[in-house]
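In my numbering, the protein residues as written are 605 to 988. By construction, the Cβ of each residue, glycine as well, lies at the ideal position given by its N, Cα and C atoms. This report concerns only the one structure given below.
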Amino acid sequence: MEINSKPYYVLLTGSKNNAGDYLIKYRAKELLSSVRSDREFIDIDAWKPFDSETLALVNKSKALILMGGPALQKNMYPGIYPLCENLDEIKVPIITMGIGWKSLDGAWKLSRNYPLNKSTRELLARIESSGFKSSIRDYHTLNSLQHIGLRNFVMTGCPAFNDLEHLKDPKLDRNDIKKIGFSLGVSFLESSEMLEQMRSTILGLRRDYSNAKLEVIFHHSLKEDFLKTHNATNKHLVGHRAFVDWLEEKGIGYVDISGSADNLVNYYSNVDLHVGYRVHAHIFMTSIGKRSLLIAEDGRGKAVKLVMNGLVMDGVDGISKSIFAKVFRKLNWKSGYAVSRLTSQEILNQLAYEVDNSYPRIRKSQILLKDNFETMKEFVLQLP
């Protein structure tokens, strides 16, 4: 790796195949380029351990920035970020930018005693003592860190929130709904109830918006090459292809936007309404002033509702964490999902209310995004 002559940051990013992960990196780079034009940045794969060359690159930077995604997990270090065996070898400040917790249940109470192993706490202590504020994605994450005594973190939202052009004059698009993108979740791989929730909502959208073009959007690849992606599973690929078979049987179109931020940006920029389970589809649509209804299938969706308001509905009440439930899920006997009583008709009723009443919930997100951006900007400006 060539070491830059201009001061720079090293960004650890997690984009592998999921289009939403690419959007985080894409928007973060735009933000840093705009707010900190005095810095360059180099992004490297977060899941790869540092070799001597990478460590040298990091130690000549102004800071090592751990970027976005549900990285705050029990085995954050070395599981999510292998870094190096001895953190003392990293001589520059380690700072987080927009990372969040990972919880299938997503209940606030779970943020009070969030499990983090010893090595992860050591990394967090190092980040806490960097001398700079670190950024996290949502208030659930903030609460989990505060409960272990960490105070040097600020809730900025995800870097993907910020479309710099739209933020100059944030307004909600209210044109006719001619094209609808339905983003498919992943919980259907574990839960037949969630599969039914997704299918019935798709069919209801086709019925209620028969004059609009409806497509189901896959954020992960449907191609065999997906299995070459870090941590990819055959179950994931087979399940998504089976969903494609159902869509083809019903005569419903679908699009694979995996593999890049451009695919996500180009597709959703031409959609009038998003409905579905992908948090970054909801974030992107909201960030450019378009309409979106997010159905939360895990803690990311539930947490984003507190940050940016909007139309977010809980598709899952919780998930069993017992050892029996985990074994049953692994054996495909029983999912353990406590699927909410949210029906496709309730989803469609709430959407119709927004459309008929000038989008009372959706339009408020525009105000919150602009306010969150000011916090994110302050965070970026204080970086070394």
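Query: What does Trp705 pair with, by DSSP beta-bridge criteria?; Result: Leu676
Query: Return the chain-ordered list of same chain residues with a C-beta closer than 8 Å to the C-beta of Lys968, the five sequence neighbours on each side being excluded.; Result: Asn913, Gly914
Query: Check this for me: beta carbons of Gly919 and Gly710, under 8 Å apart or not?; Result: no
Query: Which residues in the same chain as Ile784 place their Cβ atom closer than 8 Å to its Cβ, once the five residues preceding and following it in sequence are excluded?; Result: Leu809, Tyr813, Ala816, Lys817, Leu818, Glu819, Val875, Asp876, Leu877, His878, Val879
Query: Alpha carbons only, please: which of Ser733, Leu985, His744, Gly672 is nearest the one belonging to Ser707?; Result: His744
Query: If I measure Cβ to Cβ from Ala667 and keep anything under 7 Å in the same chain, skipping five residues before and after, which residues do I get?; Result: Tyr613, Val696, Pro697, Ile699, Leu987, Pro988
Query: Along the alpha helix (DSSP H) that carries Tyr743, what are the first and last residues, could you check?; Result: 743-750
Query: Let me make sure I understand the geometry here. Which of Thr617, Ala729, Ser637 has the alpha-carbon closest to that of Asp611?; Result: Looking at the sequence shown, residue 611 is not Asp but Pro. Closest option to Pro611, Cα to Cα, is Ser637.
Query: Using 10 angstroms around the beta-carbon of Leu973, count the other beta-carbons present and answer buried if the total reaches 16, otherwise exposed.; Result: buried
Query: For Asp960, tell me which candidate among Asp780, Arg945, Ile892, Leu898 has the shortest Cα-Cα distance.; Result: Asp780
Query: Check for me: the beta strand (DSSP E) holding Tyr613 runs from which residue to which?; Result: 612-617
Query: For Ser804, which residues from the same chain have a beta carbon less than 7 Å from its beta carbon, with the 5 sequence-adjacent residues on both sides left out?; Result: Ser948
Query: Could you check what DSSP says for Ser787 in three-state terms: helix, strand or coil?; Result: strand
Query: So, with DSSP's three-state summary, where would you put Trp937?; Result: Confidence at Trp937 is low in this model, with a pLDDT of 45, below 50, so the placement of that residue should be treated as unreliable; the coordinate-derived value is given next. In this structure, Trp937 counts as coil in the three-state DSSP scheme.
Query: Go through its chain and collect everything with a Cβ distance to Gln954's Cβ below 8 Å, but skip five positions before and after it.; Result: Leu897, Leu915, Met917
Query: Express the C-alpha separation of His824 and Tyr863 in angstroms, rounding to a whole number.; Result: Going by the sequence as given, residue 863 is Gly instead of Tyr. Each residue's alpha carbon lies about 8 Å from the other.
Query: With which residues is Arg895 paired in a DSSP beta bridge?; Result: Leu877
Query: With a threshold of 16 other CB atoms inside 10 Å of the CB of Lys620, please say whether the residue is buried or exposed.; Result: buried
Query: Quick one: using the 10 Å Cβ neighbour count with 16 as the cut-off for buried, is His751 buried or exposed?; Result: exposed
Query: Taking DSSP's pairing of strands, which residues face Asp918 in a bridge?; Result: Ala900
Query: With DSSP as the reference, please indicate the residues paired to Ser738 in a beta bridge.; Result: Phe757
Query: What's the call for Pro964, buried or exposed, on a 16-neighbour Cβ count within 10 Å?; Result: exposed
Query: Checking 8 Å against the spacing of the C-beta atoms, do Asp655 and Thr617 come in under that value?; Result: no
Query: Pop quiz: Ile966 and Leu776 are said to be a contact at Cβ under 8 Å. What is the actual Cβ separation, rounded to whole angstroms?; Result: 6 Å
Query: With a threshold of 8 Å, are at least 3 pairs of Cβ atoms found where one atom belongs to the stretch 795-804 and the other to the stretch 884-898?; Result: no
Query: Residues in the same chain with beta-carbon distance under 8 Å from Asn679, minus the five sequence neighbours each way, listed in chain order, please.; Result: Asn721, Ser723, Thr724
Query: By Cβ distance below 8 Å, which residues in the same chain neighbour Gly789 in space, the five residues on each side in sequence not counted?; Result: Met798, Met802, Gly880, Tyr881, Arg882, Ile899, Glu901, Gly919
Query: Along the beta strand (DSSP E) that carries Tyr858, what are the first and last residues, could you check?; Result: 857-860
Query: Count the other C-beta atoms from every protein chain shown that fall within 10 angstroms of the C-beta of Asp742, then say buried if there are 16 or more, exposed otherwise.; Result: buried
Query: In the DSSP assignment, what residue or residues form a beta bridge with Val820?; Result: Phe786, Tyr858
Query: Would you tell me roughly how many angstroms separate the C-alpha atoms of Ile861 and Lys827, rounded to the nearest one?; Result: 12 Å
Query: Give the C-beta separation of Thr760 and Ser739 to the nearest angstrom, bearing in mind that I take them to be a contact with Cβ-Cβ under 8 Å.; Result: 4 Å
Query: Using the C-alpha atoms, what's the distance from Met889 back to Ser715?; Result: 28 Å
Query: So what does DSSP say about Ala929, is it helix, strand or coil?; Result: Any reading at Ala929 needs caution, since the residue's pLDDT is 49, under 50, leaving its predicted position unreliable; the model's value is listed next. Helix at Ala929.
Query: So for Asp849, helix, strand or coil by DSSP?; Result: helix
Query: Please state whether DSSP places Thr700 in a helix, a strand or coil.; Result: strand
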